[in-house]
Amino acid sequence: MGNVTFKKGIHPPTNKEHTAALSIEKLPLPAQVVLPLGQHIGAPAEPLVKVGDEVATGQMIAEANGMVSVPLHASISGKVVAIEPRPHVCGHPVPAIVIESNGADRLSPDLKALENLEARSAAEIRDLMKAAGLVGMGGAAFPTHVKYCPPEGKQVDYVLLNGAECEPFLTCDHRLMVEKADDVLLGLQAFMKAVGAPQGVIGVEANKPDAIAALQKAAVGLPVTILPLQVKYPQGEEKMLIYAATRRVVPSGALPIEVGVIVNNVATAAAFGRYLRQGLPLIERIITVTGAGVKNPKNLLVRIGTLVEDVINYCGGFTEPPGRIIMGGPMTGPAVYRLDIPVMKGTSGLVVQTRAEVDEPHVLPCIRCGKCVGVCPYNLLPNLLGDYAEHEKLEEAEKYGVFDCRECGACAYICPSRRPLLQLIKNSKQQITAARKKG
Amino acid sequence: MGLVVFALVPASIAAVYFFGRQALILIIASVVSAVLTEAVTLMLMKRPLTITDGSAVVTGLLLALTLPPTVPMWIPVVGSAFAIIFGKQIYGGLGFNPFNPALVGRAFLSASWPTLMLNWVWPEGSLGWTQQNAAAAAGVTADAVAGATALGLWRGGTTGIPYLQLYFGNIAGSLGETSALALLLGGLFLLACKIIDWRIPFGYLGTVALFAFLLGEDPLFHLLAGGLLLGAFFMATDYVTTPITPRGRLIFGIGCGFLTMLLRKFGGSPEGVCYSILLMNVTTPLLDRWTRPKRFGEVKANG
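Here the protein sequences come in this chain order: A and B.
Here the first sequence is numbered in the working numbering, starting from 1 and rising by one per residue.
Here the second sequence is numbered in the working numbering, starting from 1001 and rising by one per residue.
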């Protein structure tokens, strides 16, 4: 039949041809970076510096606040000009450290490469993940070191790296795998050592043969399999990826560790590999800037905290007044409403759409065609869930499994009545969670 | 919707070919009535005009195809209006109706004007088979069969209509049901374009064939006769009134098949498609609940 995959799903046009072959370009040092303290799930970091301090690139400027938290590092060298709420993609201002560049990009003297990975213990490696400020770079930004704390006695069989990049338009992971395969493998080996996993797997969609080849070359001699996956959305969704790669089903409400698997994005692994090699914490990442609304699409290596407007300007600016700017992929990424919003650890791309591409969908009632049922990888009934959300029947929504929904958007994509199923479902989940907190 | 109308074109052409100009008049009257009724109803209910979604056209066309060619023009006009108002708009319009609107209209007409709705004719020159083989041996004459459909004759004990005639369609019946060939062309087109779920026609037709066989009847005859093909491909596959789960759809098709054969064999009139589909429409919410798919990773509560 071809490559492994999961059941159902959709095949949106990939739109990756605009940037798939473009090598990673380095964005010149921005004049200013805005670094939100909470770029991850969990407690935001606590500032260690104050306004007026000089900082160096890679210096820790905020420390982790508790277990589920990571430190924050300066992504450029310069002066701290503000520590205050700044605009954020979530829709309201969020506390951030603002650094004005001194143009020197002076590296912090604290940085040092890690020698002798072999001799390090699992706990040491975990601490290094935290020290590197490592979070899930696939978008969810979950503190990585927390993932590598399996419950007592739980055997981890696989560390699975997500190189699927199933979102249309995005090619940042693709280029990373082609150009930085060694870093990916180094990070993966460290991850495996952290939990004693005997086998590593990197799942890559089959539309990236050059990435597969590059990874295979880098993985020679290692207990790592490079696994081609069928091109389908949402192949990169965590549980679907696990199912495709190992045929294991993660139970509803449980984490992958339940079936002995830990999943991370390839970029997270590469960032850790880089940290081990050079001592440089997570201060920059690759993003894909693309879409008909931007003049020169690129795969850019940008410093965390660079503002969207600086990124777009470097790419030639807008082709016309934009219709929508999506931070991330078009299926799951939020739209930004202003340009002075920073790129963060979990930002994978900027998709700029023209006015013409952004239509106001004419929403019709559900005609019960069942197409949404036919694509939902979780076997949910999205039309019913959307209906319950619309009429605030929250108990029924929970009963019908709304919390199993991974918000991939396949249902909304396929609906002929253009119903905003994803938004409705997200809304109902928020309402249920809020009601739970109150009661 | 446009593709469904397109798929019904062969059957419509066959209707005009076999039954002449009156067929065309009835089709046009039915469609126009449906669209106008929907427009007027929506305006009176102060709802957005959605006649461009094509669903009223499909309802009008399907209703016309279930009518005998002999009915006066006001029959489809009244029937379509009833179908749109009481089969669709009072429930909230597209997406909210529990019953197939065209069949609601047809059932209304059959109940209100039974003699008009049972006035069948054979197309010109199509009664030649009465002089051949089994029919002639049974003493059947052209006059005796002139007013009955193939199924009506079957209930009365007369068999022997050549299969090819049943297949091509120069037999008596309602406008759209006679030509199996035309209906299959349209139905297979809809399947190929993945507009309808194969489980419904497959379940429906398969069950009819099976039950016909079990009841000692001729399966092929029952597949070709009556409104079965029209119903199985175009009515029982209506999205709004059928289950949304794959298993639910299969059960729906099977249920329709079972009821159709039951009604044909033991019911008051030798036709069962219309009522069996309407009855299965009633079970749709129940089937949806019974066939809810197991969620990925769902853990059964009694574990």
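Heads up, the beta-carbon is just placed ideally off N, CA and C, and yes, glycines get one too.
Everything numeric in this text was worked out from a predicted model, so none of it was measured.
From the options, residue whose alpha carbon lies closest to that of residue i
{"i": "residue 1066 of chain B", "options": "B:1047, B:1109, B:1041", "result": "B:1109"}
{"i": "residue 283 of chain A", "options": "A:54, A:76, A:131", "result": "A:76"}
{"i": "residue 80 of chain A", "options": "A:118, A:16, A:33", "result": "A:33"}
{"i": "residue 275 of chain A", "options": "A:68, A:115, A:35, A:47", "result": "A:115"}
{"i": "residue 83 of chain A", "options": "A:104, A:48, A:69", "result": "A:48"}
{"i": "residue 70 of chain A", "options": "A:98, A:130, A:61", "result": "A:130"}
{"i": "residue 1100 of chain B", "options": "B:1241, B:1174, B:1246", "result": "B:1241"}
{"i": "residue 347 of chain A", "options": "A:28, A:25, A:4, A:140", "result": "A:140"}
{"i": "residue 226 of chain A", "options": "A:242, A:232, A:212", "result": "A:212"}
{"i": "residue 189 of chain A", "options": "A:249, A:256, A:209, A:268", "result": "A:268"}
{"i": "residue 1001 of chain B", "options": "B:1180, B:1224, B:1068, B:1239", "result": "B:1239"}
{"i": "residue 1111 of chain B", "options": "B:1044, B:1154, B:1269", "result": "B:1269"}
{"i": "residue 97 of chain A", "options": "A:321, A:337, A:305", "result": "A:305"}
{"i": "residue 1252 of chain B", "options": "B:1201, B:1228, B:1214", "result": "B:1201"}
{"i": "residue 196 of chain A", "options": "A:63, A:118, A:178, A:202", "result": "A:118"}
{"i": "residue 292 of chain A", "options": "A:194, A:222, A:352", "result": "A:352"}
{"i": "residue 120 of chain A", "options": "A:54, A:100, A:194", "result": "A:194"}
{"i": "residue 233 of chain A", "options": "A:52, A:407, A:54, A:38", "result": "A:407"}
{"i": "residue 270 of chain A", "options": "A:261, A:124, A:144, A:31", "result": "A:144"}
{"i": "residue 1234 of chain B", "options": "B:1069, B:1195, B:1282, B:1267", "result": "B:1195"}
Cross-strand partners of residue i (DSSP beta bridge)
{"i": "residue 205 of chain A", "result": "A:229"}
{"i": "residue 26 of chain A", "result": "A:301"}
{"i": "residue 1149 of chain B", "result": "None, per the DSSP bridge assignment."}
{"i": "residue 368 of chain A", "result": "According to DSSP, residue 368 of chain A bridges with nothing at all."}
{"i": "residue 344 of chain A", "result": "In DSSP, residue 344 of chain A forms no bridge with anything."}
{"i": "residue 47 of chain A", "result": "A:62"}
{"i": "residue 73 of chain A", "result": "A:60"}
{"i": "residue 158 of chain A", "result": "A:199, A:261"}
{"i": "residue 32 of chain A", "result": "A:100"}
{"i": "residue 143 of chain A", "result": "A:135"}
{"i": "residue 84 of chain A", "result": "A:96"}
{"i": "residue 335 of chain A", "result": "A:326"}
{"i": "residue 284 of chain A", "result": "A:303"}
{"i": "residue 55 of chain A", "result": "A:78"}
Helix, strand or coil at residue i according to DSSP, with G and I counted as helix
{"i": "residue 121 of chain A", "result": "coil"}
{"i": "residue 1260 of chain B", "result": "helix"}
{"i": "residue 1246 of chain B", "result": "helix"}
{"i": "residue 1302 of chain B", "result": "Any reading at residue 1302 of chain B needs caution, since the residue's pLDDT is 49, under 50, leaving its predicted position unreliable; the model's value is listed next. Residue state, collapsed to three classes: coil."}
{"i": "residue 79 of chain A", "result": "strand"}
{"i": "residue 1017 of chain B", "result": "helix"}
{"i": "residue 391 of chain A", "result": "coil"}
{"i": "residue 1097 of chain B", "result": "coil"}
{"i": "residue 1215 of chain B", "result": "coil"}
{"i": "residue 1276 of chain B", "result": "helix"}
{"i": "residue 318 of chain A", "result": "strand"}
{"i": "residue 1060 of chain B", "result": "helix"}
{"i": "residue 1105 of chain B", "result": "helix"}
{"i": "residue 1 of chain A", "result": "Low confidence applies to residue 1 of chain A: its pLDDT is 44, below 50, so where it sits in the model is not reliable enough to give any reading."}
{"i": "residue 1006 of chain B", "result": "helix"}
{"i": "residue 353 of chain A", "result": "strand"}
{"i": "residue 163 of chain A", "result": "strand"}
{"i": "residue 1028 of chain B", "result": "helix"}
{"i": "residue 1042 of chain B", "result": "helix"}
{"i": "residue 1184 of chain B", "result": "helix"}
{"i": "residue 107 of chain A", "result": "strand"}
{"i": "residue 1051 of chain B", "result": "helix"}
{"i": "residue 312 of chain A", "result": "helix"}
Presumed contact (8 Å Cβ cut-off) between residue i and residue j, rounded CB distance
{"i": "residue 286 of chain A", "j": "residue 299 of chain A", "result": "6 Å"}
{"i": "residue 167 of chain A", "j": "residue 377 of chain A", "result": "That belief does not hold up - the Cβ atoms of residue 167 of chain A and residue 377 of chain A are roughly 15 Å apart, past 8 Å."}
{"i": "residue 1260 of chain B", "j": "residue 1208 of chain B", "result": "6 Å"}
{"i": "residue 6 of chain A", "j": "residue 243 of chain A", "result": "5 Å"}
{"i": "residue 171 of chain A", "j": "residue 295 of chain A", "result": "Their Cβ separation, rounded to whole angstroms, is 17 Å, which puts residue 171 of chain A and residue 295 of chain A out of contact at 8 Å."}
{"i": "residue 363 of chain A", "j": "residue 428 of chain A", "result": "Rounded, the Cβ-Cβ distance is 17 Å, inconsistent with contact."}
{"i": "residue 327 of chain A", "j": "residue 334 of chain A", "result": "6 Å"}
{"i": "residue 1295 of chain B", "j": "residue 252 of chain A", "result": "6 Å"}
{"i": "residue 138 of chain A", "j": "residue 107 of chain A", "result": "Not a contact, Cβ separation roughly 27 Å."}
Quiz item: Should the stretch 1077-1095 of chain B be called in touch with the stretch 1036-1046 of chain B, which here means at least 3 C-beta pairs below 8 Å?
Solution: yes
Quiz prompt | the stretch 381-390 of chain A / the stretch 1255-1270 of chain B touching (three or more Cβ pairs under 8 Å) | solution = No, the stretch 381-390 of chain A does not touch the stretch 1255-1270 of chain B.
Quiz prompt | At least 3 beta-carbon pairs within less than 8 Å: the stretch 418-437 of chain A vs the stretch 389-404 of chain A | solution = yes
Quiz item: Looking at C-beta atoms only, is the number of pairs between the stretch 1163-1178 of chain B and the stretch 1120-1127 of chain B that lie closer than 8 Å three or more?
Solution: Yes, they touch.
Quiz item: So does the stretch 54-68 of chain A actually touch the stretch 27-43 of chain A, counting three or more Cβ pairs closer than 8 Å?
Solution: They touch, by the three-pair rule.
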